[in-house]
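Q: Going down the list, the protein sequences come from chains W and V. Quick note on this note's numbering: the first sequence kicks off at 10 and runs consecutively. Quick note on this note's numbering: the second sequence kicks off at 3 and runs consecutively. By construction, the Cβ of each residue, glycine as well, lies at the ideal position given by its N, Cα and C atoms. Here the structure is a predicted model, which is why all the values come from computation and not from measurement.
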Amino acid sequence: MPESADTRPRVTAKQFKTSQEVRWCPGCGDYSILATVQAFLPELGVPRENIVFVSGIGCSSRFPYYVNTYGMHSIHGRAATIATGLATSRPDLSVWVVMGDGDALSIGGNHLIHALRRNVNIKILLFNNRIYGLTKGQYSPTSELGKITKSTPMGSLDYPFNALSVALGAEATFVARSIDSDRKHLTEVLRAASRHRGTALVEIYQNCNIFNDGAFDLLKNPETRDDSVIPLHQGEPVLFGKDGSRCVVRGTKGGLGVADTASVNPEDILVHDAHAEDSSWAFGLTRLADLQTMRKSPIGIFRDVERPSYDELMAEQMEQAQSGGPPELQQLLQGADTWTVE
Amino acid sequence: MTKKTVQRDRVIIRFAGDSGDGMQLTGDQFTAQTADFGNDLSTLPDFPAEIRAPAGTILGVSAFQLHFADHDIMTPGDHPDVLIAMNPAALKANLADVPRGGDLIINTDEFTKRNLAKVGYEASPLEDGSLDSYNVHPVALTSQTVASLRDYDITKKQAERAKNMFALGLLSWLYGRSIDGTIRFLEQKFAHRPEVLAANLTALKAGWNYGETTEDFSVRYEVKPARLAPGTYRNINGNLALAYGIVAAGQLTKLPVYLGSYPITPASDLLHELSRRKDFGVRTFQAEDEIAAIGAAIGASYGGSLGVTTTSGPGVALKSEAIGLAVALELPLIIVDVQRGGPSTGLPTKTEQADLLQAMFGRNGEAPVPIVAPRSPSDCFDIAVEAARIATVYRTPVFVLSDGYLGNGSEPWRIPGPEELPDLTVSFCTGPNWESPDGTREFMPFARDPQTLARPWTVPGTPGLEHRIGGIEKADITGHISYDPDNHDRMVRLRQAKIDGIAESLDPLMVDDPSGEAEVLVLGWGSTYGPIGAAVRRARRDGIRVAQAHLRHLNPFPTNTGQVVKSYRRVLIPEMNLGQLALLIRSRFLVDAIGYNQVRGMPFKAAELEQVIKDVVANA
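#1: I'd like to know whether the C-beta of residue 140 of chain V is nearer than 7 Å to at least one C-beta of chain W.
#2: Please decide whether residue 53 of chain V counts as near chain W, where near means a Cβ-Cβ distance under 7 Å.
#3: If you drop the 5 nearest sequence neighbours on each side, which residues of the same chain put their C-beta closer than 6 Å to that of residue 252 of chain V?
#4: Under DSSP, the beta strand (DSSP E) around residue 108 of chain W begins and ends at which residues?
#5: Please classify residue 25 of chain W: is it buried, with 16 or more other beta-carbons within 10 angstroms of its beta-carbon, or exposed?
#6: Would you mind stating whether residue 181 of chain W and residue 131 of chain W have Cβ atoms separated by less than 7 Å?
#7: Using only the alpha-carbon positions, how far apart do residue 256 of chain W and residue 232 of chain W sit?
#8: Verify the CB distance criterion: does residue 472 of chain V have a CB-CB separation below 7 Å to chain W?
#9: With DSSP as the reference, please indicate the residues paired to residue 184 of chain W in a beta bridge.
#10: Output, in chain order, the set of chain V residues within a Cβ distance shorter than 8 Å of residue 333 of chain W.
#11: Leaving out the 5 sequence neighbours to the left and right, which residues in its chain are closer than 8 Å to residue 579 of chain V when beta-carbon positions are compared?
#12: Report yes or no: is there a C-beta of chain V within less than 7 Å of the C-beta of residue 316 of chain W?
#13: Strictly under 7 Å for the Cβ-Cβ distance: is residue 10 of chain W near chain V by that measure?
#14: In the region 70-95 of chain W, which residues sit with their C-beta less than 7 Å from some C-beta in chain V, listed in chain order?
#15: Mind checking who residue 348 of chain W pairs with in its DSSP beta bridge?
#16: Taking a cut of 7 Å between CB atoms, which residues from the region 317-329 of chain W lie near chain V?
#17: Under the rule that 16 or more other beta-carbon atoms within 10 Å means buried, what is residue 89 of chain W, buried or exposed?
#18: Any Cβ of chain V within less than 7 Å of the Cβ of residue 362 of chain W?
#19: List the endpoints of the continuous beta strand (DSSP E) containing residue 413 of chain V.
#20: Can you tell me whether residue 10 of chain W is helix, strand or coil according to DSSP?
#21: Taking the beta strand (DSSP E) that residue 67 of chain V belongs to, which residues open and close that run?
#22: Looking at the structure shown, is residue 501 of chain V part of a helix, part of a strand, or coil, going by DSSP?
#23: Does the structure place the region 158-167 of chain V close enough to the region 201-210 of chain V that three or more beta carbon pairs sit under 8 Å?
#24: Which complete beta strand (DSSP E) runs does the region 303-358 of chain V hold, if anything under 3 residues is left out?
#25: Do the region 428-440 of chain V and the region 39-49 of chain W touch if we need at least three Cβ pairs shorter than 8 Å?
#26: Let me know the secondary structure DSSP gives residue 599 of chain V once reduced to three states.
#27: When we look at the beta-carbon of residue 442 of chain V and count the other beta-carbons within 10 Å, is it buried (16 or more) or exposed?
#28: Which same chain residues, not among the five before or five after residue 158 of chain V, have their C-beta less than 8 Å away from its C-beta?
#29: Using a Cβ cut-off of 7 Å (strictly closer), state whether residue 369 of chain V contacts chain W.
#30: Does residue 19 of chain V come out as helix, strand or coil in the three-state DSSP assignment?
#31: Would residue 307 of chain V pass as an interface residue toward chain W - the criterion being a Cβ-Cβ separation below 7 Å?
#32: Does the contact criterion of 3 or more C-beta pairs under 8 Å hold for the region 228-238 of chain V versus the region 399-411 of chain V?
#33: Measure the beta-carbon distance from residue 237 of chain V to residue 34 of chain V and round it to whole angstroms, keeping in mind my assumption that it falls under 8 Å.
#34: Helix, strand or coil: how does DSSP classify residue 307 of chain W here?
#35: What residue from W/86, W/332, W/336 and W/309 has the CA that sits closest to residue 213 of chain W's CA?
#36: In chain order, which beta strand (DSSP E) runs of at least 3 residues are fully inside the region 70-139 of chain W?
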């Protein structure tokens, strides 16, 4: 497959747009994610033909139709499996997976956790709007408890998944969260994800203005966001609130907690290290968010560690097996015991 | 002492014992020796699904039947001439199959009160006269083995475990098989356990010597080598042949093979074998479930590999939605179903051919998938190559319907030379394939080859041809999303026409009718080929005129199939299901086919089919 020196002029965001009319509802958070991704892709430095977007089913899974690369809109929950087959057989490709919260965590939950533990070289964008949109408004595995929807007129009974806790439990090597409307932040996260060798999971809080409007308002509203969003910066103390008035500290029961910055010793404030081998702190950070209210939601890169990717290991085994030169089919077919009839 | 040698043209031997007695290994080794000797042969392993069922029970009996002959044979045989029963349960479970006058070699050591009671024998059949009409050879197999191993530094239990080698040695003597191959096998298997190796070799030779010296065996048998077509042969089972066929398909298409699979009986051996073939560029991926397995295979096909997934019936059920996706994507894919007894978990280790309609219709929407089925263990090789041809030429998923009997059963295989294998070189689409009305050359992902109706296979990495595919309905030619009613109707018909058109590339259905005057046709598919063929031969020996045809392509049928089935007064279709091919033949050709159906987890017996054929002919 072609890679080497590409002398063609550098592609622009515009060239990543397709002729297809985008058919999301007006005002959907997917638009801003699409625009951010299209604007980011030229920066990848990968020829357009070597980029593939694979999706499952759901509103967000229409994404590949709108990105002018190779793409496959597959079946509900299975995008990660298809991407796994593609990425492990074609390490020359940059493979991106787009899934919604129902797609990734409900029908496709099994595939998500296994992709993460294997560390296949795929980048997963999990659009989490905490609702089923395409089927018109049933609660999703990330919906808050007691949610009133068409299928739960008296309130939902299932406790929600914390997508990033799940990912870390599944041995993910790259875990991050961003918000649809924050283009700058999302771009930074995409950049880091693309540099990660292995599976990267990027949860993107995405507003569904039809069936779950305002789900992330607390994190977006200038009045409330400072107290609700906990920004994560590598190597820096984890502070939030107006002028960093609040901070994250080690809790007394083994987890993490929050405190007023003025009332704690500066050395007791957690310094963020996404590269820490031990995932406990990253897990602790994912637990800070109150999924019922969305308060104290950390945003940024929780974990980014090196581990050999599945496709690299597979390629190594292939190389090792082929080190003896091309084998003879006839020799294989004959095996050890043959006899000849004249 | 020189013993008399009696000539036989064919012999059927059944080894039966407890699941832990090593009967499958014993059978395999006897088979290898027999293949080396040059007999034609056919085998039927039959074992329980439990790894170690309770010892000494009927439930835990594991058996291996081998039919070998000085002429070409088609089945593992109906009734064993010789039964080796390692314990009372093995005797009880198998005796009914042995004809009166047959030889019973019985391990008397295991006929204890307790073991007899376990299987409901009130008195020992060795003493109560119930075996008087058989030729009984009581052998204290266990104690003889233990005695021969007195001088070894091994436990009694280890010594007892070598009794299968004693039995193998005895049988090898009885039928004049060389044990050299088995010795080599044991040397390899126990290379790092010299004590165990020495014990097994000693037990093997002790068994041979026992035959030589004991007066109980006064006669040896000889079955001369068979006169098979010239060529180089090996013994092979269906699963191995199918795995080799897939490796060969990769070489012939010049595509890397990618297997996505999830372990399932009786198909796991395909995953095992292919995972050892990385040297041929075969990638294998043991997925988290059946769905992920086919998903990965589809992803690999999309990227330009020959995607393959291997499973059994329950796995196919899980893969159905993804197979529909492959139909919509129009990408090559091979789905191997090594059928077993169903429904649900059914009979994991027993054979059946009841997934035909699942393969044919088991998807939502109009989702035609070609189906091919091997007819013998060695045909599994050719059928895999054929499946790859159809998949790559027509850009479609293809079903291979093997079954447990073919997968585990073995026979001699004339190894094809390189010149006998087809060139299946695939070319990807790398440039414009469509001329617009204004004369510009463009790439259209759903513009079709006028001959095959296949759409272009354009893999990621091809500059300038970026496009999107998916399970949602696509507009003809352009491949954009389309909800247009006329377009959907056209696309459904195009996909169907593409699959129907495969028939043009198939050899016509051959009919074997030596008399040319038969009024009854026996039509089969899959693993019933052997039993049907043997039954037809027997019937003809009695002067019955009957024709035989066997389908290797179930969807589409060869173009002359209708003409063939309509040209006989009666069409008899024996199947290991309740009439699935019969349903297709009836609905497709309006022919009132007669079904003969059995779902006992075992292949048909030739004698039984012979009678059915005679009855149908008599009433034709």
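A: On the basis of the supplied data:
#1: The Cβ of residue 140 of chain V sits no closer than 7 Å to any Cβ of chain W.
#2: no
#3: 259 and 308
#4: 103-109
#5: buried
#6: no
#7: Between residue 256 of chain W and residue 232 of chain W, the C-alpha separation is close to 19 Å.
#8: yes
#9: W/210 and W/312
#10: The contacting residues are 281.
#11: 354, 355, 356, 358, 599 and 601
#12: no
#13: Note that residue 10 of chain W has pLDDT 43, beneath the 50 cutoff, so the model's placement of it is unreliable and the number below is only indicative. With 7 Å as the cut-off, residue 10 of chain W counts as an interface residue toward chain V.
#14: 73, 74, 77, 78, 79, 80, 81, 82, 83, 84, 87, 90, 91, 92, 93, 94 and 95
#15: V/235
#16: 323, 326 and 327
#17: buried
#18: The question about residue 362 of chain W has no answer, for chain W in this structure spans 10 to 351.
#19: 412-416
#20: In this prediction, residue 10 of chain W has a pLDDT of 43, which is less than 50 and means its spatial position is unreliable; what the coordinates show is noted afterwards. Residue 10 of chain W: coil per DSSP, three-state reduction.
#21: 63-71
#22: helix
#23: Touching, yes, given that three or more Cβ pairs across the two stretches are closer than 8 Å.
#24: 308-313 and 335-341
#25: Judged by Cβ distances under 8 Å, the region 428-440 of chain V makes no contact with the region 39-49 of chain W, as fewer than three pairs qualify.
#26: strand
#27: It counts as exposed.
#28: 148
#29: no
#30: strand
#31: yes
#32: no
#33: Yes, residue 237 of chain V and residue 34 of chain V are in contact; Cβ-Cβ is about 6 Å, under 8 Å.
#34: strand
#35: W/309
#36: 79-82, 103-109 and 131-137
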